[in-house]
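Asker: Pasting a structure here, questions to come.
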Amino acid sequence: MIQLIRGFKDILPGEVEVWQHIESVARGLFEDFGFKEIRIPIMERTELFARSIGEDTDIVEKEMYTFPDRKGDLITLRPEATASICRSYIQHKMYAEDPVQKFYTIGPMFRRERPQKGRYRQFYQINAEIFGVASPLADVELIFLLKTLCERLSAGDVEAHINSLGCPECRPVFKTALQEYIASRTEALCSDCARRKDRNPLRVLDCKVPGCREAMQKAPSIIDHLCPACTQHFNTVQASLASLEVPFIVDKRLVRGLDYYTRTTFEIQTRSLGAQSAVAGGGRYDGLVKMLGGPDMPATGFAIGFDRLAEVVDLDKQAYIKKPDLALGIDGIQASMDFEGRSLKSQMKRAGRCGARYTLIVGEDERATGQAILRNMTTREQVSVPLAELVKNIKPLIKK
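What follows is the structure in structure tokens.
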């Protein structure tokens, strides 16, 4: 028997309906906030992700599904959506019409990570991006949007964590202080962190290996090294979240695993998923558009782990499973279910198993009298319904 590739999953009937509900709520909320949907390809040139995400990241070094096409060009299944949306924003010169653009997208991403609860090699994300707005209020809007989405989906036990990663002006000072601290802890680091510590010490802060996390517990905080502009930006984020009554935790250890992030970074975390605590994460990436060949344009955004969100929403999943309103029984044929000529009794049992609320019985006697029998499968009550204009006569009865 051929089975699933490790790290991939089927989304089966019963679960699909919950996903559809989450998508519907998310789409409605994005539209209320002025976002427009964008659909991007699942494959891009590898260079796009190497330049944007960073060649020293785990994603680029270990996790991307990369292969040469027939002409020898390296192609990659997208590991995230932000770089692709930036590429589209630049390629189609959307900034020329209006530099301020707000996009969302929903779809699969691919990373060859070690599979575990809430983490798959084909996983799904809901992404939102805002281009052309430098104000910290754009960051606040995204965090507020995430809070509102979690509330509408009854996703309990979640909390916002925020931090600042500084900017090109203040980050070098912090980088020096961090490198000095790491130098005194080198022996406790994993091989990846020992290799990266000089080129990109922030990667050490982001490492999930327990030994590295313990070694970095007393590492210097970037918040203590922010320049005045970044300090003001971060203070505005905190004050605005407080005014909107959005609870948050300033998490000095919170960094992002991608090179393009600057200033505000945030996560929505839950205690329901064990080690994989982040349901959503994002932040500001003011230099990415320029890095990829576009104009110098500020930007901010987030990604929601769809698979993880579906696990923590407090929804009655049975309520979203679609069941037929009506099963038809005609001359021994249950038309909506099968064509096997079963007895009426067998068809009634089948209608009950499929969850139909009503069964319409049309046999020889019913055709002779011109009256079908509509049976309520819950109460067992039956009423006669004229066959003439049958659909018109049935709708008011089954849609009560």
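Mind the numbering: the sequence shown is residues 1434 to 1833 in my numbering, read in order.
Beta carbons: idealized from backbone N, C-alpha and C, even for Gly.
Enumerate, from N- to C-terminal direction, the unbroken alpha helix (DSSP H) stretches of 4 or more residues contained entirely within the region 1513-1542.
Answerer: You should have 1515-1524 and 1527-1530.
Asker: Mapping DSSP to helix, strand and coil, what is residue 1633?
Answerer: Along the sequence shown, read from residue 1 onward, the residue named residue 1633 stands at position 200. Correct three-state label for residue 1633: coil.
Asker: Quick one: what's got a C-beta closer than 6 Å to residue 1771's C-beta in the same chain, skipping five residues either side?
Answerer: Numbered from 1 along the sequence shown, position 338 holds the residue referred to as residue 1771. Caution applies to residue 1771, whose pLDDT of 48 falls short of 50 and renders its modelled position unreliable; the model cannot decide the point.
Asker: Can you give the Cα-Cα distance for residue 1453 and residue 1548, rounded to whole angstroms?
Answerer: Taking the sequence shown and counting its residues from 1, one reaches residue 1453 at position 20. Taking the sequence shown and counting its residues from 1, one reaches residue 1548 at position 115. Near 24 Å, if we compare the C-alpha coordinates of residue 1548 and residue 1453.
Asker: Have a look at 1789, 1477 and 1530 and flag the residue whose alpha-carbon is nearest the alpha-carbon of residue 1520.
Answerer: Sequence index remark: in the sequence shown, residue 1520 carries index 87 (1-based). The shortest Cα separation from residue 1520 among 1789, 1477 and 1530 belongs to 1477.
Asker: The beta strand (DSSP E) that contains residue 1476, what's its start and end?
Answerer: Start at 1 with the first residue of the sequence shown, and residue 1476 comes out as number 43. 1476-1478 is the extent of the beta strand (DSSP E) around residue 1476.
Asker: Report the start-end ranges of each alpha helix (DSSP H) in the region 1656-1744 that is 4 residues or longer and not cut off at the edges.
Answerer: Qualifying alpha helix (DSSP H) stretches, in chain order: 1661-1676 and 1721-1724.
Asker: Please report the distance separating the alpha-carbon of residue 1582 from that of residue 1444.
Answerer: The residue labelled residue 1582 in the question sits at position 149 within the sequence shown. The residue labelled residue 1444 in the question sits at position 11 within the sequence shown. For residue 1582 and residue 1444, the distance between alpha carbons rounds to 22 Å.
Asker: Bridge partners of residue 1614, per DSSP?
Answerer: Translated into the one-based positions of the sequence shown, residue 1614 becomes position 181. DSSP, once it has assigned bridges, lists no residue as partnering residue 1614.
Asker: Does DSSP classify residue 1499 as helix, strand or coil?
Answerer: Residue 1499 sits at position 66 when you count from the first residue of the sequence shown. In the structure shown, residue 1499 sits in a strand (DSSP, three-state: E or B).
Asker: Compute the Euclidean distance between the alpha carbons of residue 1748 and residue 1702, then round it to the nearest angstrom.
Answerer: As a first step, residue 1748 is located in the sequence shown; it is residue number 315 there, counting from the start. As a first step, residue 1702 is located in the sequence shown; it is residue number 269 there, counting from the start. So the two alpha carbons sit approximately 19 Å from each other.
Asker: I'd like the list of long-range same chain contacts for residue 1720, defined as Cβ closer than 7 Å, with 5 residues on each side in sequence excluded.
Answerer: Mapped onto the sequence shown, residue 1720 falls at position 287. Cβ within range, chain order: 1693 and 1695.
Asker: Taking only the alpha-carbon atoms, compute the straight-line gap between residue 1564 and residue 1497 and give it to the nearest angstrom.
Answerer: Within the sequence shown, residue 1564 is the residue found at index 131, counting from 1. Within the sequence shown, residue 1497 is the residue found at index 64, counting from 1. If I take the Cα positions, the gap works out to 26 Å.
Asker: Whole angstroms are fine: how far does the CA of residue 1717 sit from the CA of residue 1585?
Answerer: In the sequence shown, counting from the first residue as 1, residue 1585 sits at position 152. In the sequence shown, counting from the first residue as 1, residue 1717 sits at position 284. Roughly 25 Å between the two C-alpha positions.
Asker: What number of angstroms, rounded off, separates the C-alpha of residue 1572 from the C-alpha of residue 1641?
Answerer: In the sequence shown, counting from the first residue as 1, residue 1572 sits at position 139. In the sequence shown, counting from the first residue as 1, residue 1641 sits at position 208. The alpha-carbon atoms of residue 1572 and residue 1641 are separated by roughly 26 Å.
Asker: Spatial neighbours of residue 1578 within its chain, please: CB distance less than 6 Å, with the 5 preceding and 5 following residues excluded, ordered by chain position.
Answerer: Position 145 of the sequence shown, counted from the first residue, corresponds to residue 1578. Once the five neighbours on either side are set aside, the close Cβ partners of residue 1578 are 1466.
Asker: Please report how far the alpha carbon of residue 1440 lies from the alpha carbon of residue 1594, in whole angstroms.
Answerer: Within the sequence shown, numbered from 1, the residue matching residue 1440 stands at position 7. Within the sequence shown, numbered from 1, the residue matching residue 1594 stands at position 161. Near 28 Å, if we compare the C-alpha coordinates of residue 1594 and residue 1440.
Asker: Given 8 Å as the limit, is there contact between the region 1609-1621 and the region 1722-1729, that is, 3 or more CB pairs closer than that?
Answerer: Verdict: no, contact absent.
Asker: Cα-Cα, which of 1567, 1688 and 1658 is closest to residue 1649?
Answerer: Start at 1 with the first residue of the sequence shown, and residue 1649 comes out as number 216. Residue 1688 is the option with its Cα nearest to residue 1649.
Asker: Where in the region 1557-1595 do unbroken runs of the beta strand (DSSP E), each at least 3 residues long, occur, reported from the N-terminal end onward?
Answerer: The region 1557-1595 contains no whole beta strand (DSSP E) run of 3 or more residues.
Asker: Cutting at 8 Å between CB atoms, please list the residues of its own chain near residue 1493, excluding the five before and the five after it.
Answerer: On the sequence shown, residue 1493 is found 60 positions in, with the first residue counted as 1. Closer than 8 Å at the Cβ level, and outside the excluded window around residue 1493, lie 1482, 1483, 1486 and 1487.
Asker: Mapping the DSSP letters down to three states, classify residue 1597 as helix, strand or coil.
Answerer: Working through the sequence shown from its first residue, we reach residue 1597 at position 164. Strand, per DSSP.
Asker: Roughly how many whole angstroms lie between the Cα atoms of residue 1682 and residue 1829?
Answerer: Looking up residue 1682 in the sequence shown gives position 249. Looking up residue 1829 in the sequence shown gives position 396. Looking at the two C-alpha atoms, the distance is approximately 53 Å.
Asker: Say whether the region 1504-1519 touches the region 1467-1476, bearing in mind that this needs 3 or more beta-carbon pairs closer than 8 Å, one atom from each stretch.
Answerer: Touching, yes, given that three or more Cβ pairs across the two stretches are closer than 8 Å.
Asker: Would you list the one or two residues that DSSP bridges to residue 1509?
Answerer: One-based indexing of the sequence shown puts residue 1509 at position 76. Note: residue 1509 sits in a beta bridge opposite 1477 and 1499.
Asker: Express the C-alpha separation of residue 1818 and residue 1799 in angstroms, rounding to a whole number.
Answerer: Sequence index remark: in the sequence shown, residue 1799 carries index 366 (1-based). Sequence index remark: in the sequence shown, residue 1818 carries index 385 (1-based). Each residue's Cα considered, the two are about 10 Å apart.
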